[in-house]
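Reviewing the structure listed below.
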Amino acid sequence: MTFPSVIRIFEAINPKYDTMKRILSFVCVVLMTAFAWAEVTYDVLPLPRSIELNPKGGEYVLTEGAVVTYPASNAQMASNAQLLAKYLKEDAGFGLKVQPDVKKGAAITLCLGLKNDCPDAYLLKVDKKGITIQGATEEGIFRGLMTLRKAIGTEGGEKILLPFVTIQDEPRFAYRGVHFDTARHFFSVDFIKEFLDIMALHGCNQFHWHLTEDQGWRFEVKSMPELAQKGSVRKQTVIGRNAGIYDGQPYGGYYTQQECREIVAYAAKLFINVIPEIDLPGHMLGALHVYPELGCTGGPYEVWPIWGVSEDVLCAGNPKTLEFLKQVYGELCDVFPSKLIHIGGDESPRVRWKNCPKCQAKMKELGLTREAELQTYINKEMDKFLTAKGRTIIGWDETLEGGLSENGIVMSWRGMKGGIAAARQHHRVIMTPTDYCYIDYYQLKDDWAQPHGIGGYLPVSKVYSMEPVPAELSKEEGKFIMGAQVNLWTEYVGYPDHAMYMLLPRLDAISEVQWMQPEQKDFEAFKVRLARMEKLYDKLNYKYCHKIE
Ligand code: ACM
Ligand code: ZN
């Protein structure tokens, strides 16, 4: 009920309304102001580890135009301060002044020096002197300012009343990933930046960027310009689920190295590492179309207009294959500073290798008895090459089948069993099982009532229930689980709004899995936090699934 309508009702029932009107106005203004202030809550999403409100109460009044300060000559801290000001302006229409090295009179102080081994750890304190965010590193400060941002939410006005509090926080897992397939469908640089913004809002720190596929090669390799120019374009795309009818429209797009660098720099400001994936030896029709001599049959091959797993893969017996891969990964490493490089390794049928004289000769030369070991041979070669560049390889769990190379990290997607086996062999593991993490699945039971998914059913409650460290592992083995990740494959997701819809709010759920201790999680309380987050999504025009199952 609005204030004027209260007055009208009051007028109708009370003839002496003038005096009463004044009193009522006063009471309503007080109540409405209190209501607006009550919107600041530290129960943000993901929920911080410890929130201690001052038992004696008290609030700090943050006034429009207040100063946020940081140590001068620290570019990352300057960026943090500017980002905080930008977020409060966009979310709440609330202006801050950014000024380095203000000793007295700053409302918000960003400072380093927190004693904690976790780079994401932060301490957020609100008392009568103001707001302080102290981090173990600049990254920790960034996580802390995101908590402040979400606590304030979308409430604008000239003043924001913040209850005195001490918040201590750090994430449960060091690896907090989100995967995005920009090969089945191509997404613009601007949208990838928005995708990164959404990740940062949820405290995610690893962007797994799937860049190449049977349906299109999307990374520019300067020494082989045709690879992206021709390999990125499929002549047409199948309609629906491989219905046998085609749209007749060429479809393409790729990222120049300059654009990739721009994305890496943008992500770095949000403390997100970009892990590029060039999937090998399967999912390679984009490349085989341009270089058919790298396939076992010699082609010709087309950039695939349909969905699925192609039997045509790189020939493991052709020495040119490794030369090609080293050239590609060499340029990839020049562009992406990430210590982690994803080499794919999933869904690579071995039927061509079985029938290929070159592959069989290679097996004989190496004394191998199974084709799976041929994949391990390629993995090991790539591992040596990338290790020499100071990088570490990640592979999908199929890479375990022929014996994983020593340093390799396993990304467990076909359930958790691959991850369990890998952890027992003391390999590091990232958990991303289809049952909990494949956000190309439908999130509602009635699949006809929502945008397309690939199939399956993965409601937000199921994502929320994920436990990335399986009970079968010993305490020591459990330490090899680096974290969890959701995967967004895009066979059936062609546009940004649709991608966001698949992401939200399942990203909210995984972010609490990534950040919170298992005993702290509570789905009912999560839904309350989510309702508040949705106000921010509305403000920022993010698309999301409104129904929770
Ligand atoms: C995968 O989903 N093919 C890793
Ligand atoms: Zn071959």
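Using this note's numbering, the letters of the sequence shown correspond one by one to residues 40 to 588. Backbone N, C-alpha and C define an ideal beta-carbon position, used for all residues, glycine too.
At a threshold of 7 Å, does residue i count as lining the ligand ZN (C-beta to nearest heavy atom)?
i	result
R389	no
C354	yes
K393	no
K397	yes
C335	yes
N244	no
N418	no
N357	yes
So, using beta-carbon positions, are residue i and residue j closer together than 8 Å?
i	j	result
L135	A105	yes
Y99	F225	no
P507	V552	yes
I206	I90	yes
E316	H241	no
D385	E437	yes
L327	G321	no
A523	F212	yes
D479	Y531	yes
F565	Y496	no
K378	R300	no
Y285	V277	yes
G181	N119	Correcting the residue type first, residue 181 is Phe in the shown sequence and not Gly. Taking 8 Å as the Cβ cut-off, F181 and N119 qualify as a contacting pair.
Y293	E252	no
M263	Q366	yes
E588	S500	yes
F519	V468	yes
P87	D166	no
Q482	C584	yes
Q297	K261	no
P94	A111	no
L546	V217	yes
G255	G291	yes
Between residue i and the ligand ACM, is the CB less than 7 Å from at least one heavy atom?
i	result
E316	no
E440	no
Y385	Before going on, a small fix: residue 385 reads as Asp here, not Tyr. D385 Cβ: within cutoff of the ligand ACM.
W487	no
W452	yes
Where do the ends of the beta strand (DSSP E) carrying residue i lie?
i	result
N526	I520 to L527
W554	Unbroken run through W554 is the alpha helix (DSSP H), R545 to W554; no beta strand (DSSP E).
E420	Counting along the chain, E420 falls outside any beta strand (DSSP E), though it belongs to the alpha helix (DSSP H) covering E410 to A427.
K136	L135 to V137
E98	E98 to T102
A105	A105 to T108
Quickly, what does DSSP pair residue i with across the bridge? List them, please.
i	result
W248	F219 and P315
H381	E316 and I433
S89	Q207
D166	G169
I469	M450 and G522
P481	The question names Pro, but residue 481 in the sequence shown is Tyr. Answer is Y496, bridged to Y481.
Y540	In the DSSP output, where bridge partners are listed per residue, Y540 has none listed.
G334	L353
G174	L151 and Y161
Y214	G522
Check for me: the alpha helix (DSSP H) holding residue i runs from which residue to which?
i	result
C150	It is not in any alpha helix (DSSP H) - C150 instead sits in the beta strand (DSSP E) that spans I147 to L151.
V390	V390 to K393
V502	V499 to Y503
T360	P358 to V374
D561	It is not in any alpha helix (DSSP H) - D561 carries neither H nor E in the DSSP assignment.
I237	V228 to L240
I459	K456 to R463
K582	Note, K582: premise wrong, no alpha helix (DSSP H); not H, not E.
P557	P557 -> no alpha helix (DSSP H), and no H or E assigned at all.
F118	A small correction: the amino acid at residue 118 is Ser; Phe does not occupy that position in the sequence shown. Residues A114 to A131.
A439	Position check: residue 439 holds Leu in this sequence, whereas Ala was assumed. That residue, L439, is in no alpha helix (DSSP H); it is neither H nor E in DSSP.
L405	P396 to L405
G517	K514 to G517
Got a sec: does the ligand GDP put a non-hydrogen atom nearer than 7 Å to the Cβ of residue i?
i	result
W435	As for the ligand GDP, it is missing from this structure, which binds only the ligand ACM and the ligand ZN.
Completely contained beta strand (DSSP E) runs for the segment 181-212, where each covers 3 or more residues: 198-202 and 204-208
Complete beta strand (DSSP E) runs within the segment 252-327 (minimum length 3 residues, chain order): 312-319
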